[in-house]
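Protein chains in written order, with my numbering: chain S, 14 to 375; chain Y, 514 to 732.
Virtual Cβ for every residue (Gly too), placed ideally from N, Cα, C.
Quantities reported herein were computed from a predicted structural model and do not represent experimental measurements.
Presented below is the structure to which this report refers.
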Amino acid sequence: MNRSEPLVLGIETSCDETGIGIVRGRTLLSNTIASSMDEHARYGGVVPEVAARAHLEALEPAIHAALAESGVALSDIDAVAVTSGPGLAGALMVGVGAAKALAVSLGKPLYAVNHLVGHIAADILDSNAPPLEYPTVALLVSGGHTSLLLVRDLTSDVELLGETMDDAAGEAFDKVARLLGLPYPGGPQIDRVAASGDPDAIAFPRGLSRASDMAGHRYDFSFSGLKTAVARWVEQRAARQEQEPDVDWSLPVADVAASFREAVVDVLVTKALAACRDYDVPRLLLGGGVIANRRLRDVALERGAAAGVTVRIPPLSLCTDNGAMIAALASELIMSGRPASTLEFGADSTLPVTEIQVAESA
Amino acid sequence: MILGIDTSLGSAVAVVEPDGVIRSQVESVDPRGHAEVIGTLIVRALAEASITPADVSHVVAGMGPGPFTGLRVGIAAARTFALGRGIPVVPVASHDAVALEMLLHSALTGGYEDVADERFAVVTDARRREFAYTVYRGLDDDGLPIRLAEPALIPRDDLDAVLTRDGIARRDAERIPAALLAVCGARAITAGRTIASADALYLRSPDVTPPSTPKRVGT
Ligand SMILES: [Zn+2]
Numbered sequence: 014m015n016r017s018e019p020l021v022l023g024i025e026t027s028c029d030e031t032g033i034g035i036v037r038g039r040t041l042l043s044n045t046i047a048s049s050m051d052e053h054a055r056y057g058g059v060v061p062e063v064a065a066r067a068h069l070e071a072l073e074p075a076i077h078a079a080l081a082e083s084g085v086a087l088s089d090i091d092a093v094a095v096t097s098g099p100g101l102a103g104a105l106m107v108g109v110g111a112a113k114a115l116a117v118s119l120g121k122p123l124y125a126v127n128h129l130v131g132h133i134a135a136d137i138l139d140s141n142a143p144p145l146e147y148p149t150v151a152l153l154v155s156g157g158h159t160s161l162l163l164v165r166d167l168t169s170d171v172e173l174l175g176e177t178m179d180d181a182a183g184e185a186f187d188k189v190a191r192l193l194g195l196p197y198p199g200g201p202q203i204d205r206v207a208a209s210g211d212p213d214a215i216a217f218p219r220g221l222s223r224a225s226d227m228a229g230h231r232y233d234f235s236f237s238g239l240k241t242a243v244a245r246w247v248e249q250r251a252a253r254q255e256q257e258p259d260v261d262w263s264l265p266v267a268d269v270a271a272s273f274r275e276a277v278v279d280v281l282v283t284k285a286l287a288a289c290r291d292y293d294v295p296r297l298l299l300g301g302g303v304i305a306n307r308r309l310r311d312v313a314l315e316r317g318a319a320a321g322v323t324v325r326i327p328p329l330s331l332c333t334d335n336g337a338m339i340a341a342l343a344s345e346l347i348m349s350g351r352p353a354s355t356l357e358f359g360a361d362s363t364l365p366v367t368e369i370q371v372a373e374s375a
Numbered sequence: 514m515i516l517g518i519d520t521s522l523g524s525a526v527a528v529v530e531p532d533g534v535i536r537s538q539v540e541s542v543d544p545r546g547h548a549e550v551i552g553t554l555i556v557r558a559l560a561e562a563s564i565t566p567a568d569v570s571h572v573v574a575g576m577g578p579g580p581f582t583g584l585r586v587g588i589a590a591a592r593t594f595a596l597g598r599g600i601p602v603v604p605v606a607s608h609d610a611v612a613l614e615m616l617l618h619s620a621l622t623g624g625y626e627d628v629a630d631e632r633f634a635v636v637t638d639a640r641r642r643e644f645a646y647t648v649y650r651g652l653d654d655d656g657l658p659i660r661l662a663e664p665a666l667i668p669r670d671d672l673d674a675v676l677t678r679d680g681i682a683r684r685d686a687e688r689i690p691a692a693l694l695a696v697c698g699a700r701a702i703t704a705g706r707t708i709a710s711a712d713a714l715y716l717r718s719p720d721v722t723p724p725s726t727p728k729r730v731g732t
């Protein structure tokens, strides 16, 4: 196997995106994504069985598309990489089964890797950015996870500082969008209507941010209380309208959206920068689909600069779930001399972030 | 050489020669854990048949019916194994393999004349207090089981009444014989026939309901 610039095909099926990526060393050759998002829209959130069925149908066409785009033949591949977890079990299993059979068929090594660490590896593929420096704090925010990590080395030392205790931030956006009568997915919709709103209009709660939370949950997140607070505010407004039909108590959707978004962004950035300060790490890496949120990027850059923290934001196409980041992580593992995974691993929906590679051969 | 893969109940992989001679068959009866074992089973089936992936000309995929989560693992594996080699996937209904096994067994034990005209149902567990069943009678000119009715679901308590009413013998199956699945595929290839849809036989829609209006949280 070429260990100096391995050609790796990565398969990612942990949520609702079927991602096939092809990288050569640290160079991105293809980042092909088939999303089943539209199929979930009518349910207001990702339905695991719908996502898993979509993966089975999308995998083969996505592999063909990725090969065509990169001009690579399957026989040229040095290794196959796949997400073992964390994620939706049934969805992960499709990718695991597919990756194992592909690796056996090609007679190539297989690397089973951690999805969250993959999000960090995505940054390496950003050809416009200087090399990733260690240690770095990483904030990963999507519809499936909200995690704060300390990365001392991508291939060998990643520590979980905190994560959400209930909803992921992206889920909170979806749920609040529904409360406001906005379609799925909620993130872009909230962002759109919030543009004309006042972020300080309503003081929504910041989860796990009280002094008493700092001992046990300093870097953890909670968004279900925030979601309930928004629901209550909306209901009270409607009740008021019933009592006083002559007064206009209609919902100021823009202000609610802007205030909700501000509460989410404030907590995310505050806790991420606190980790940077506590661990004396002047670097923060953002990843995950919620990074698409303009306000989150702006606040992170602005407050990061004020705190002397360099904030890195990979291109959005590498922030959302994708196969290129899985291939990139495997490529780093190969270049650092790590042996392949055995074929004896499964889908692990709660794979801890410390397990960067799964089932490493002895 | 033909590679057969089925994960509609347990996980089973086999290699047969194009004329149907069985070279290997390995399986795990674990009704879960399909993703864990599928790669190792493929490697073992190839090794026991003394062949390499390059010797495989077709991959036969068991399309179900079966519990969704496991079923997909084998279909995905069959598709990517074939993709890696640039060879075709031959879809086969998983119950066909059981039907063929029963009919061949009867033929070998001399009882085939008795069962050739018998109508029987291959019955497998579909979970959620339902069975999946497919009704067969004998073999056609290509040596493939004749399906009288396509795979369907039925509440467990209703099965016997329906089969008795229609004079159909009940044949429960706990496992899918991957070798016989591959033989069904081999016979379909020889006959130039397509005998199953290329889509997974789920038989059930994903059970989700579109959300109603958000629940009230109270004040
Ligand atoms: Zn993700």
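Original post:
In whole angstroms, what is the alpha-carbon distance linking ILE339(S) and ALA135(S)?
Top reply: Each residue's Cα considered, the two are about 8 angstroms apart.
Subject >> Check your reading: residues with Cβ closer than 5 angstroms to ligand 1 heavy atoms >> reply: Ordered along the chain, the selected set is SER155(S), ASP334(S).
**OP:** Leaving aside the five residues before and after THR703(Y) along the sequence, list all residues of the same chain whose C-beta is less than 8 angstroms from its C-beta, in chain order.
**Re:** Cβ-Cβ distances below 8 angstroms link THR703(Y) to PRO531, ASP655 in the same chain, with the five nearest sequence neighbours on each side left out; the list follows chain order.
Subject >> 4-residue-minimum alpha helix (DSSP H) runs that sit fully inside the region 646–711 of chain Y, ordered along the chain >> reply: For the region 646–711 of chain Y, whole alpha helix (DSSP H) runs of length 4 or above, ordered along the chain, are 669–678, 691–704.
Original post:
Fully enclosed by the region 299–353 of chain S, which beta strand (DSSP E) runs are 3 residues long or longer?
Top reply: DSSP runs (the beta strand (DSSP E)) wholly in the region 299–353 of chain S: 323–325.
Original post:
Of all the CB atoms in chain Y, is at least one closer than 8 angstroms to the CB of LEU101(S)?
Top reply: No - not a single Cβ of chain Y is within 8 angstroms of the one on LEU101(S).
Original post:
Got a sec: is the Cβ-Cβ distance from PRO601(Y) to anything in chain S below 8 angstroms?
Top reply: It does not: the Cβ of PRO601(Y) has no partner Cβ on chain S nearer than 8 angstroms.
Original post:
What's the C-alpha gap between ASP293(S) and VAL539(Y)?
Top reply: The straight-line gap from Cα to Cα measures roughly 55 angstroms.
Original post:
In chain S, which residues lie less than 8 angstroms from GLU549(Y) when you measure between Cβ atoms?
Top reply: In chain order: GLU357, PHE358, GLY359.
**OP:** Consider the Cβ of GLU73(S): report whether some Cβ of chain Y lies at a distance smaller than 8 angstroms.
**Re:** Closer than 8 angstroms: yes.
**OP:** Would you mind stating whether GLU373(S) and ARG351(S) have Cβ atoms separated by less than 8 angstroms?
**Re:** The Cβ atoms of GLU373(S) and ARG351(S) lie closer than 8 angstroms to each other.
Original post:
Taking 8 angstroms as the CB-CB cut-off, is GLY597(Y) touching chain S?
Top reply: For GLY597(Y), at least one C-beta of chain S is nearer than 8 angstroms to its own C-beta.
**OP:** Measure the alpha-carbon distance for VAL60(S) versus HIS53(S) and round it to whole angstroms.
**Re:** In this model, VAL60(S) and HIS53(S) are separated by some 6 angstroms (Cα to Cα).
Subject >> Own chain partners of GLU62(S) with C-beta closer than 8 angstroms, once the 5 adjacent residues on each side are dropped >> reply: Result list for GLU62(S): GLY103, in chain order.
Original post:
So, helix, strand or coil for THR177(S), using DSSP?
Top reply: THR177(S): strand per DSSP, three-state reduction.
Subject >> Euclidean distance between Cα positions of PRO218(S) and VAL280(S) >> reply: So the alpha carbons of these two residues sit roughly 10 angstroms apart.
Subject >> Expected contact under 8 angstroms - CB spacing of VAL572(Y) and ALA591(Y) to nearest Å >> reply: In this structure VAL572(Y) is in contact with ALA591(Y), their Cβ atoms being roughly 5 angstroms apart against a cut-off of 8 angstroms.
Original post:
How big is the Cα-Cα spacing for SER160(S) and SER140(S)?
Top reply: In a straight line, the C-alpha of SER160(S) is about 25 angstroms away from that of SER140(S).
**OP:** Would you tell me roughly how many angstroms separate the C-alpha atoms of PHE186(S) and LEU153(S), rounded to the nearest one?
**Re:** Each residue's Cα considered, the two are about 15 angstroms apart.
Original post:
Near ALA71(S), which residues of its chain fall below 7 angstroms by C-beta distance, leaving aside the five closest residues on each side in sequence?
Top reply: For ALA71(S), where only same-chain residues beyond five positions count, the Cβ hits under 7 angstroms are THR31, ALA47.
Original post:
Who are ILE46(S)'s beta bridge partners in DSSP?
Top reply: Note: ILE46(S) sits in a beta bridge opposite GLY32(S).
Original post:
From TYR197(S) to MET50(S), what distance separates their C-alpha atoms?
Top reply: Going from the Cα of TYR197(S) to the Cα of MET50(S) covers about 9 angstroms.
Original post:
In chain order, what residues of the same chain lie with their CB nearer than 7 angstroms to the CB of SER330(S), ignoring the 5 residues before and after it?
Top reply: Excluding sequence neighbours, SER330(S) sits near ASN44.
Original post:
Would the C-beta of LEU652(Y) count as close to ligand 3, meaning under 7 angstroms from any of its heavy atoms?
Top reply: For the structure depicted, ligand 3 is absent and the ligand set comprises only ligand 1.
**OP:** Compare the C-beta of GLY120(S) with all C-beta atoms of chain Y and state if any pair is closer than 8 angstroms.
**Re:** For GLY120(S), the answer is yes, since a Cβ of chain Y falls inside 8 angstroms of its Cβ.
Subject >> VAL93(S) and ALA112(S) closer than 8 angstroms at C-beta >> reply: Against a cut-off of 8 angstroms, the Cβ pair of ALA112(S) and VAL93(S) comes out as a contact.
Original post:
Can you round the beta-carbon distance between VAL635(Y) and VAL611(Y) to whole angstroms, since I take them to be within the 8 angstroms contact cut?
Top reply: The C-beta distance from VAL635(Y) to VAL611(Y) rounds to 5 angstroms, short enough to meet the 8 angstroms contact threshold.
**OP:** With DSSP as the reference, label PHE234(S) as helix, strand or coil.
**Re:** Strand, per DSSP.
Original post:
Are the C-beta of MET106(S) and some C-beta of chain Y separated by less than 8 angstroms?
Top reply: Yes, MET106(S) counts as interfacial toward chain Y.
Subject >> PRO719(Y) at chain S interface by Cβ criterion, 8 angstroms >> reply: PRO719(Y) counts as touching chain S.
Original post:
So, helix, strand or coil for GLU18(S), using DSSP?
Top reply: Note: GLU18(S) maps to coil in three-state DSSP.
Subject >> Assigned secondary structure, ASP136(S) (DSSP; H/G/I helix, E/B strand, else coil) >> reply: Correct three-state label for ASP136(S): helix.
**OP:** Following the continuous beta strand (DSSP E) through LEU539(Y), name the residue where it begins and the one where it ends.
**Re:** Before going on, a small fix: residue 539(Y) reads as Val here, not Leu. Counting along the chain, the beta strand (DSSP E) containing VAL539(Y) begins and ends at 535–541.
**OP:** Flag this pair as yes or no: are the beta carbons of ALA337(S) and GLY23(S) separated by less than 8 angstroms?
**Re:** A contact, by the Cβ cut-off of 8 angstroms.
Original post:
Would PRO580(Y) count as contacting chain S if we go by Cβ distances under 8 angstroms?
Top reply: Proximity of PRO580(Y) to chain S, defined by a Cβ-Cβ separation below 8 angstroms, is not satisfied.
Original post:
Where does SER160(S) sit, in a helix, a strand or coil, going by DSSP?
Top reply: In this structure, SER160(S) counts as strand in the three-state DSSP scheme.
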